[in-house]
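In full-length UniProt numbering, the protein residues as written are 1 to 152.
See structure below.
Listed below in structure tokens is the structure:
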């Protein structure tokens with residue numbers, strides 16, 4: 001790899017750089033709603049589930065439970081989401097949108113749609129669909145390194 005290439009051959013660096021750029025774009029688009037892209041994604045994930053368990057949301061978003069809890073806190077504080085124990089297993093915490101959470105999501109979806117259309121106009125709808133499909137494939141990989149062996 002030459003110095004001119006930078007990290008362009010590094011999948012991780014390229015993906016992180018792109019994620020920051022795209023994340024900033026969607027955060028800016030969602031700013032009038034007061035939500036960040038991560039919060040919008042979480043509200044959307046909650047809305048498509050039937051009072052989903054926190055563990056199921058964390059798994060779907062590939063987050064650990066503590067990160068999920070951290071992202072949920074302001075949404076609960078602002079009255080957009082409520083948590084409650086599962087009726088059959090009180091150790092399981094479930095979440096649902098409140099009416100104001102659904103209204104906030106509806107507002108944010110309109111803003112997100114503008115950004116989505118703008119991104120797809122720039123890269124092409126077909127290319128954007130291929131990108132999402134490829135990224136979904138990557139997210140589904142079971143990436144694990146072999147156990148390290150001591151050097152001799």
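Cβ atoms here follow ideal geometry from the backbone N, Cα and C, with glycine treated the same way.
Sub-8 Å separation of residue i and residue j beta-carbons
i: residue 68; j: residue 54; result: yes
i: residue 81; j: residue 92; result: no
i: residue 33; j: residue 108; result: yes
i: residue 29; j: residue 115; result: yes
i: residue 35; j: residue 110; result: no
i: residue 98; j: residue 79; result: yes
i: residue 45; j: residue 22; result: no
i: residue 38; j: residue 71; result: yes
For residue i: DSSP bridge partner residues
i: residue 97; result: 81
i: residue 53; result: 94
Cβ-Cβ separation, residue j to residue i (assumed contact under 8 Å), whole Å
i: residue 25; j: residue 112; result: Rounded, the Cβ-Cβ distance is 11 Å, inconsistent with contact.
i: residue 49; j: residue 58; result: 12 Å between Cβ atoms; not a contact.
Any C-beta of chain C under 8 Å from that of residue i
i: residue 38; result: Of the chains in the structure shown, none is chain C; there is only one protein chain.
Element boundaries [alpha helix (DSSP H), containing residue i]
i: residue 41; result: 37 to 48
i: residue 135; result: 125 to 140
i: residue 27; result: 11 to 30
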